[in-house]
Amino acid sequence: MSRTKIKRLYALFALLIVYLVFFPSPTPEIAVRKHLFFSFHPMKAITKSIHEGTIKNDPRYGDEYEVNDLSQSYFYVKKNALGWRVTSTGSGP
Numbered sequence: 049m050s051r052t053k054i055k056r057l058y059a060l061f062a063l064l065i066v067y068l069v070f071f072p073s074p075t076p077e078i079a080v081r082k083h084l085f086f087s088f089h090p091m092k093a094i095t096k097s098i099h100e101g102t103i104k105n106d107p108r109y110g111d112e113y114e115v116n117d118l119s120q121s122y123f124y125v126k127k128n129a130l131g132w133r134v135t136s137t138g139s140g141p
């Protein structure tokens, strides 16, 4: 490969990393998994199941999602124009 192609691949990889880290996720489950991953729980982000909670469309926090076997097992996600993001976490609703 030529140097320009390698530089383009590095630039594309860097843009992909920036998008994954800073932009909201396309689904609420991916937003919760991304939050777990960047909260130093990478294995739990991959292996744990995520369930919808009972609270929907809360004007302040958004929708509730639950992850079992965590100290902070309740996650609230809210949708904006770009996608879903975690707004709050806690140990109880």
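First residue of the sequence shown: 49, per our numbering; consecutive thereafter.
The beta carbon of each residue, even a glycine, is placed where N, CA and C say it ideally should be.
If we ignore side chains and look at the alpha-carbon of each, how far apart do residue i and residue j end up?
i, j, result
"S119", "G140", "10 Å"
"P72", "L64", "13 Å"
"S50", "L60", "16 Å"
Hey, out of the options, whose CA is closest to residue i's CA?
i, options, result
"I94", "I103, Y122, V115 and R108", "V115"
"R133", "K55, A59, A62 and E77", "E77"
"L192", "V66, Y58, P74 and L57", "Examination of residue 192 is not possible in this model, given that the chain is present from 49 through 141 alone."
With DSSP collapsed to three states, give me the class of residue i.
i, result
"K96", "coil"
"R133", "strand"
Going by the beta-carbon positions, is the gap between residue i and residue j smaller than 8 Å?
i, j, result
"T137", "K126", "no"
"F123", "H89", "no"
"G101", "Y113", "yes"
Just list the residues that DSSP pairs residue i with in beta bridges.
i, result
"Y109", "According to DSSP, which records beta bridges pairwise, Y109 is partnered with nothing at all."
"Y124", "E112 and S136"
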